[in-house]
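Note sheet for the following structure.
2 protein chains.
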Amino acid sequence: MVRDTRERVLAAALAEFAEQGYQGASIEDIAARAGLTKGAVYYYFSDKDDLAADLHAELWERLGRDANARFDPAASALENLKRVLRAFLASLEDHAEARFFLRDCWAVPALVIAGRREVETGVALVRFLLVEGMARGELAVLDPEAAARVLLGAFTEATLHILTTGDAEATVEVVERMIDALAAPGSATRRHQSRGVVTR
Amino acid sequence: MVRDTRERVLAAALAEFAEQGYQGASIEDIAARAGLTKGAVYYYFSDKDDLAADLHAELWERLGRDANARFDPAASALENLKRVLRAFLASLEDHAEARFFLRDCWAVPALVIAGRREVETGVALVRFLLVEGMARGELAVLDPEAAARVLLGAFTEATLHILTTGDAEATVEVVERMIDALAAPGSATRRHQSRGVVTR
Chain H
1 MVRDTRERVL AAALAEFAEQ GYQGASIEDI AARAGLTKGA VYYYFSDKDD LAADLHAELW
61 ERLGRDANAR FDPAASALEN LKRVLRAFLA SLEDHAEARF FLRDCWAVPA LVIAGRREVE
121 TGVALVRFLL VEGMARGELA VLDPEAAARV LLGAFTEATL HILTTGDAEA TVEVVERMID
181 ALAAPGSATR RHQSRGVVTR
Chain W
1001 MVRDTRERVL AAALAEFAEQ GYQGASIEDI AARAGLTKGA VYYYFSDKDD LAADLHAELW
1061 ERLGRDANAR FDPAASALEN LKRVLRAFLA SLEDHAEARF FLRDCWAVPA LVIAGRREVE
1121 TGVALVRFLL VEGMARGELA VLDPEAAARV LLGAFTEATL HILTTGDAEA TVEVVERMID
1181 ALAAPGSATR RHQSRGVVTR
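This is how it looks when you write it as structure tokens:
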């Protein structure tokens, strides 16, 4: 029951943020949408930043679960990196309100620090894929920590760009090209990829 | 004279931020370091966020100038993209205090919005290089807006990683590989680049 109320507040907050923007949303409106008093909201959350931080953490947790679910141990490292990218994008497209929220979250002070912390989970997953791919000779030997961070930076900007413009296909093409750039020279995967290059 | 005083305040603020961190620095200490009263500091800046925002804007302006100065109209698009990347990194390495500041600036609320706005200048420069390179047949035809944003995301994460670890060489290698991935298939630049691939 307690859990239900807390979830109701979170769902109402997400809907208010999506409709009003983070700055425009008020605890009063969030409480009204959830059918609760302001006092009930403050029982679970100290302020709007606190609510936003919890929503943000839940979103990242779901993104991590979705990415892990798409991992295929039988696929190549390049293929798995592309699966992670697509899981990231699909998970957001399935949640229209979360799209709005993720786009605006950089304006929420409480999330700037939290956001960088959550990113570490993503770095660890991508680094794992890179180290495995290098060990199997599928990927060029590069600093895996540096490569993971640079790739995550590319993923994040790609995501923000897609959420802003809706142009997923052209953006995914750019990121997949950068993923393919990590192939070991002369590897079967690289030859295969070269045949598939789009030359419009 | 007025300009000198304002610059003195900015230099003192940068030094304090570098030594104490943004949260730990006070207007009082900044004034003392500049040899001024608190009132004199408040004559130019409304608060610490305002000071930080001005420093940040100056830093980006210098980065933009440095990147433009390295642009070589006779060089290939790939070479110019690498020059922009190196200008970005060199400009920061020349300013030890700015390095500290850029690393921590995401904790300053006033800079989160400003930071994203300044990024637009960088996007415009990189997009220009991409469009030119595509027109000359040196680069694969991709969505230039998407490619510029994804590259800037990679540059930014690379910069933060280098400022954190000091490991410039391995990180630059990753980003340059991603830049090379933008070459048009079969272009001379691409063949040249393939010979140079590091396979440690």
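Residue numbers (my numbering), protein chains in the order written: chain H, 1 to 200; chain W, 1001 to 1200. All residues carry an ideal CB built from backbone N, CA and C; glycine is no exception.
Nearest candidate by alpha-carbon position, reference threonine 121 of chain H, set H:Ala57, H:Glu16 and H:Glu7: Looking up residue 121 of chain H in the first sequence gives position 121. For threonine 121 of chain H, the nearest C-alpha among the options comes from H:Ala57.
Limits of the alpha helix (DSSP H) - the one that aspartate 1167 of chain W falls within: Along the second sequence, one-based indexing puts residue 1167 of chain W at 167. Unbroken run through aspartate 1167 of chain W: none, as it is neither H nor E.
Sub-7 Å separation of valine 1150 of chain W and leucine 142 of chain H beta-carbons: Within the second sequence, numbered from 1, the residue matching residue 1150 of chain W stands at position 150. Within the first sequence, numbered from 1, the residue matching residue 142 of chain H stands at position 142. Not a contact, by the Cβ cut-off of 7 Å.
Neighbour-count burial assignment, proline 1185 of chain W, 16 or more Cβ in a 10 Å radius: Within the second sequence, the letter at position 185 stands for residue 1185 of chain W. Classification of proline 1185 of chain W: exposed, given that the 10 Å Cβ count is below 16.
Contact set between the stretch 1142-1156 of chain W and chain H, restricted to residues whose Cβ is under 7 Å from the partner: Leu1142, Asp1143, Ala1146, Ala1147, Arg1149, Val1150, Leu1152, Gly1153, Ala1154 and Thr1156
Sheet register partners of leucine 1139 of chain W (DSSP bridge): Position 139 of the second sequence holds residue 1139 of chain W. BP columns for leucine 1139 of chain W point to W:Ala1183.
Chain-ordered chain W contacts of histidine 56 of chain H [CB-CB under 8 Å]: Here residue 56 of chain H is taken as the residue at index 56 of the first sequence, counted from 1. What histidine 56 of chain H touches in chain W: nothing, since even the nearest Cβ is about 14 Å away.
Any non-hydrogen atom of the ligand SAM closer than 6 Å to glutamate 1079 of chain W Cβ: The ligand SAM is not among the ligands present in this structure, which contains no ligands whatsoever.
Separation of arginine 70 of chain H from threonine 1005 of chain W, as counted between CA atoms: Locating residue 1005 of chain W in the second sequence gives position 5, counting from the first residue. Locating residue 70 of chain H in the first sequence gives position 70, counting from the first residue. Straight-line Cα distance between these residues: approximately 58 Å.
Outcome for proline 1073 of chain W when other beta-carbon atoms lying within 10 angstroms are tallied against a minimum of 16: To locate residue 1073 of chain W, count along the second sequence from 1; it is residue 73. That one is exposed.
Residue burial classification, asparagine 68 of chain H (beta-carbon count within 10 angstroms, cutoff 16): Translated into positions along the first sequence, residue 68 of chain H becomes position 68. Per the 10 Å Cβ criterion, exposed.
Chain H within 7 Å of alanine 1013 of chain W, Cβ atoms only: Here residue 1013 of chain W refers to the residue found at position 13 when the second sequence is read from its first residue. Taking Cβ atoms only, chain H never reaches closer than 7 Å to alanine 1013 of chain W, which makes this a no.
Collapsed DSSP secondary structure at serine 1091 of chain W in the structure displayed: Along the second sequence, read from residue 1 onward, the residue named residue 1091 of chain W stands at position 91. Helix at serine 1091 of chain W.
Serine 187 of chain H versus valine 126 of chain H - alpha carbon distance: The residue labelled residue 187 of chain H in the question sits at position 187 within the first sequence. The residue labelled residue 126 of chain H in the question sits at position 126 within the first sequence. Whole-angstrom Cα-Cα distance: 20 Å.
Any chain H beta carbon closer than 7 Å to valine 1175 of chain W: For this step, residue 1175 of chain W is matched to residue 175 along the second sequence. Judged by the 7 Å Cβ criterion, valine 1175 of chain W is in contact with chain H.
Which of helix, strand or coil DSSP assigns to glycine 35 of chain H: The count along the first sequence starts at 1 and reaches residue 35 of chain H at position 35. Glycine 35 of chain H falls in the coil class under three-state DSSP.
Residue-level contact to chain W via CB, threonine 171 of chain H, 7 Å cutoff: Taking the first residue of the first sequence as 1, we reach residue 171 of chain H at position 171. So, interface residue.
Chain-ordered neighbours of methionine 178 of chain H on chain W, where CB pairs are closer than 8 Å: Translated into positions along the first sequence, residue 178 of chain H becomes position 178. Correct list: Val1150, Ala1154, Met1178 and Ala1181.
Top-ranked residue by Cα proximity to aspartate 202 of chain H, from H:Arg83, H:Glu145 and H:Glu157: There is no way to answer for residue 202 of chain H, as the model of chain H reaches only from 1 to 200.
Same chain, Cβ closer than 6 Å to alanine 13 of chain H, five either side skipped, listed in chain order: Position 13 of the first sequence holds residue 13 of chain H. Contacts found: Ile30 and Leu51.
Proximal residues to tyrosine 1042 of chain W (C-beta, below 8 Å), its chain only, five neighbours per side dropped: As a position in the second sequence, residue 1042 of chain W is number 42, starting the count at 1. Same-chain partners within the cutoff: Ile1027.
Residue-level contact to chain W via CB, alanine 74 of chain H, 7 Å cutoff: On the first sequence, residue 74 of chain H is found 74 positions in, with the first residue counted as 1. For alanine 74 of chain H, the answer is no, since every Cβ of chain W falls outside 7 Å of its Cβ.
Assigned secondary structure, alanine 155 of chain H (DSSP; H/G/I helix, E/B strand, else coil): Here residue 155 of chain H is taken as the residue at index 155 of the first sequence, counted from 1. It should be noted that the sequence gives phenylalanine, not alanine, for residue 155 of chain H. Three-state result, phenylalanine 155 of chain H: helix.
Proximal residues of chain H, C-beta to C-beta of aspartate 1167 of chain W below 8 Å: Residue 1167 of chain W sits at position 167 when you count from the first residue of the second sequence. Within 8 Å Cβ-Cβ: Asp143 and Ala146.
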